[in-house]
Amino acid sequence: MIHLSERLKRVADNVWSNGVAADVGCDHGFTSIYLVQENKAAAAIAMDINEGPLQRAEEHILQYGMSDRISLRLSDGLEKLIPGEADTILISGMGGALISRILKEGKEAAVSAKELVLSPQSEVFLVRKCIHELGFQIASEEMLIDQGKYYVIIRAVPGTETYIEEIDYLYGRKLMDRQDETFFRYMQAEEARVNKVLLGFPCQKISVNSEQRKQQLQREKAQIQKVLNRMESGRSF
Numbered sequence: 005m006i007h008l009s010e011r012l013k014r015v016a017d018n019v020w021s022n023g024v025a026a027d028v029g030c031d032h033g034f035t036s037i038y039l040v041q042e043n044k045a046a047a048a049i050a051m052d053i054n055e056g057p058l059q060r061a062e063e064h065i066l067q068y069g070m071s072d073r074i075s076l077r078l079s080d081g082l083e084k085l086i087p088g089e090a091d092t093i094l095i096s097g098m099g100g101a102l103i104s105r106i107l108k109e110g111k112e113a114a115v116s117a118k119e120l121v122l123s124p125q126s127e128v129f130l131v132r133k134c135i136h137e138l139g140f141q142i143a144s145e146e147m148l149i150d151q152g153k154y155y156v157i158i159r160a161v162p163g164t165e166t167y168i169e170e171i172d173y174l175y176g177r178k179l180m181d182r183q184d185e186t187f188f189r190y191m192q193a194e195e196a197r198v199n200k201v202l203l204g205f206p207c208q209k210i211s212v213n214s215e216q217r218k219q220q221l222q223r224e225k226a227q228i229q230k231v232l233n234r235m236e237s238g239r240s241f
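Structure below.
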């Protein structure tokens with residue numbers, strides 16, 4: 005059996021379609037192999053923009069005897085994915101801006117999927133907004149720590165959904181609603197970080213740029229406290 009990192013395993017375990025999974029940015033191909041091995045996907049399409057990762061993925065797919073169920077495809081995002089070809093579109097290990105671009109540029113293929121499983125490494129709010137713009141709703145969201153870094157995993161399915169409050173896009177409404185313990189600790193750490201930076205500002209008059217930065221941090225602090233207050237009101241951990 006193949007061994008995945010905790011992060012990649014948690015990402016793969018969010019695949020529920022049991023159909024064809026398009027693994028975008030497949031790197032070494034291990035996630036595709038795991039999905040097929042564990043019967044989370046009947047087949048997989050391992051996709052990458054670079055030939056190097058695809059060559060490594062091919063070696064591993066042959067090693068695990070999966071060449072009849074996992075195909076390889078050189079593709080810039082979803083460019084080479086035929087609409088309706090994949091039940092699941094899985095993208096992880098990229099920034100939120102890039103994931104959003106891939107989904108929007110490959111909209112026809114994206115909206116034909118039964119689910120999106122996404123794990124952005126940054127700018128998660130852009131991905132949440134993109135999901136809603138594409139006509140999907142966020143079914144679940146979780147946060148984990150892997151090698152000292154926080155990661156978010158989002159599973160989205162077709163449906164109409166919009167968040168009214170900006171903090172729901174910024175921090176994740178589902179993470180708040182499910183009282184995610186790791187997320188709660190993350191928000192506490194964010195509050196401590198912002199407070200530490202604010203304490204570093206001098207009391208006397210500061211430059212215009214510094215004042216703008218201070219005001220930005222104060223707004224961020226208020227948003228963080230709102231999230232923490234919402235979670236603490238229903239906290240059960």
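For the sequence shown, the numbering used here gives the first residue as 5, with consecutive numbering after it. Every residue gets a Cβ at the ideal spot worked out from N, C-alpha and C, and that includes glycine.
Every unbroken alpha helix (DSSP H) inside the region 22-101 [4 residues or more]: DSSP runs (the alpha helix (DSSP H)) wholly in the region 22-101: 34-41 and 55-67.
Cross-strand partners of LEU122 (DSSP beta bridge): Position 118 of the sequence shown, counting from 1, holds the residue named residue 122. Per the DSSP secondary-structure output, LEU122 pairs in a beta bridge with ILE95 and ILE158.
C-beta atoms of LEU148 and THR186 nearer than 8 angstroms: As a first step, residue 148 is located in the sequence shown; it is residue number 144 there, counting from the start. As a first step, residue 186 is located in the sequence shown; it is residue number 182 there, counting from the start. Contact annotation: LEU148 and THR186 have beta-carbon atoms nearer than 8 angstroms.
Length of the line joining the Cα atoms of ALA61 and SER214: Numbered from 1 along the sequence shown, position 57 holds the residue referred to as residue 61. Numbered from 1 along the sequence shown, position 210 holds the residue referred to as residue 214. Between ALA61 and SER214, the C-alpha separation is close to 48 angstroms.
CB of VAL19 within 8 angstroms of CB of ILE106, strictly: Looking up residue 19 in the sequence shown gives position 15. Looking up residue 106 in the sequence shown gives position 102. No, Cβ-Cβ distance for VAL19 and ILE106 is not below 8 angstroms.
Euclidean distance between Cα positions of ASP52 and GLU109: Start at 1 with the first residue of the sequence shown, and residue 52 comes out as number 48. Start at 1 with the first residue of the sequence shown, and residue 109 comes out as number 105. Taking the straight line joining both Cα atoms gives about 15 angstroms.
For ARG77, the nearest candidate out of GLU195, LYS230, ASN54 and PHE188 (CA to CA): Indexing the sequence shown from 1 puts residue 77 at position 73. When the alpha-carbon of ARG77 is set against those of GLU195, LYS230, ASN54 and PHE188, the nearest one is in ASN54.
Residue nearest to GLN220 in terms of C-alpha spacing, selected from LEU202, VAL231 and ILE168: Looking up residue 220 in the sequence shown gives position 216. Among LEU202, VAL231 and ILE168, the Cα nearest to that of GLN220 belongs to LEU202.
Identity of the residue in ASP80, HIS64 and ALA25 nearest GLY88 by Cα: In the sequence shown, residue 88 corresponds to position 84, counting from 1. It is ALA25.
At least three beta-carbon pairs within less than 8 angstroms, the region 67-75 to the region 126-135: Short answer: they don't touch.
ASP150, enclosing beta strand (DSSP E) - first and last residue: Start at 1 with the first residue of the sequence shown, and residue 150 comes out as number 146. For ASP150, the enclosing beta strand (DSSP E) starts and ends at 140-150.
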